[in-house]
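Undergrad: Numbering (the UniProt record's numbering), first residue to last: 1 to 259.
Beta carbons are placed, not taken as given, at the ideal position from N, Cα and C, and that holds for glycine.
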Amino acid sequence: MDILTSKAEGILTIEFNRVERKNAITGVMYQAMADALVDAETDDAVRAILIVGKPEIFTAGNDLDDFMKNSAPVDGVPADMRPVFQFMRALSGSTKPVVAAVSGAAVGIGTTLLMHCDLVYAADNAKFSMPFSQLGLCPEFASSLLLPQLAGFPRAAEKLLLGEAFLAQEAYDMGLVSKVLPLEELRPYAARQAAKLVALPAASIRATKSLMKRSRNAAITETMGAENALFGAMLLAPEAKEAFTAFFEKRKPDFSKFA
Ligand SMILES: C/C=C/C(=O)SCCNC(=O)CCNC(=O)[C@H](O)C(C)(C)COP(=O)(O)OP(=O)(O)OC[C@H]1O[C@@H](n2cnc3c(N)ncnc32)[C@H](O)[C@@H]1OP(=O)(O)O
């Protein structure tokens, strides 16, 4: 199983478990995470959600092979019903508190998804990146809105226009993560924070989260629509094909022939 889910003591834990592919996320994995989140939404026994990777890798982002093989529109399946949309909609719309524990690399959607979590803990080996422009793509799932809001435009531009990677301390300074911890303390600390949420009155947690998010919900939905229309087209363009092919051929992409 490339995604492990478990429920215990009020916490739904979702764990990336595809370490041989650096936890790169396939459609099947997005669907498993979406289904777990949708189920949690109506399960009163779940009072907090914890998303974790492995000590050496959070996730390498979307599986690039999946991007190459499964990006064309499918007859009868609206684009926003694809598993990645179902997952991000369920995460962004979750009324339950979501805690993420990040160690190792968090690439692409691996960093974007953190902007939709509530408490984000990073190990001192965490490394974040959103290399969309390097892949011939553009930001997705409201990162073009939320990152400039968090970090300010000039710093967000380094991360989104150039796709520069950044370490845990910078992520903390930018406001993307709540706290940086030594790697061995990350998972137990995140679990303890989730347990604190479980012990608090669920109605209070729901109300607080909803109030904190309400002023930006409409903008997030609108931005996701604009981003994802562009993203879907760019996935099928030759620049992305060159980037994905270059990754698997272990060479630098050559974008010089594209205007
Ligand atoms: C809507 C969502 C959008 C997005 O998420 S866009 C972002 C897409 N992701 C990426 O562009 C990241 C690609 N991966 C990497 O840059 C690197 O990996 C890492 C920095 C994450 C790790 O580097 P290292 O430790 O040197 O590992 P390795 O040798 O590159 O990878 C080990 C095996 O894992 C496969 N793999 C890694 N990432 C992906 C991926 N994203 N999709 C498919 N496969 C991936 C490789 O090919 C390789 O495989 P083999 O051992 O056969 O050579």
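#1: Please return the same chain residues whose Cβ sits closer than 7 Å to the Cβ of residue 194, not counting the five positions on each side in sequence.
#2: My guess is that residue 110 and residue 175 are in contact by the Cβ rule of under 8 Å, so how many angstroms apart are they, rounded?
#3: Please state the DSSP three-state secondary structure of residue 122.
#4: Just to confirm the assignment: which complete beta strand (DSSP E) runs, minimum length 3, are found wholly within the segment 163-215?
#5: Report the partner residues of residue 127 according to the DSSP bridge assignment.
#6: What distance in whole Å lies between the Cβ atoms of residue 58 and residue 24, which are believed to be in contact at a cut-off of 8 Å?
#7: Check the DSSP bridge columns for residue 50 and list the partner residues they point to.
#8: Less than 8 Å between the beta carbons of residue 242 and residue 136, yes or no?
#9: So the alpha helix (DSSP H) residue 245 belongs to, where does it begin and stop?
#10: Looking at residue 122: is its Cβ nearer than 8 Å to the Cβ of residue 165?
#11: In terms of residues, what are the limits of the beta strand (DSSP E) holding residue 157?
TA: From the atom records:
#1: 11, 48, 50, 99
#2: About 18 Å separates the two Cβ atoms, so there is no contact after all.
#3: strand
#4: 179-181
#5: 105, 167
#6: That pair is no contact at about 11 Å.
#7: 13, 99
#8: yes
#9: 238-248
#10: no
#11: From DSSP, residue 157 is part of no beta strand (DSSP E) but of the alpha helix (DSSP H) over 153-160.
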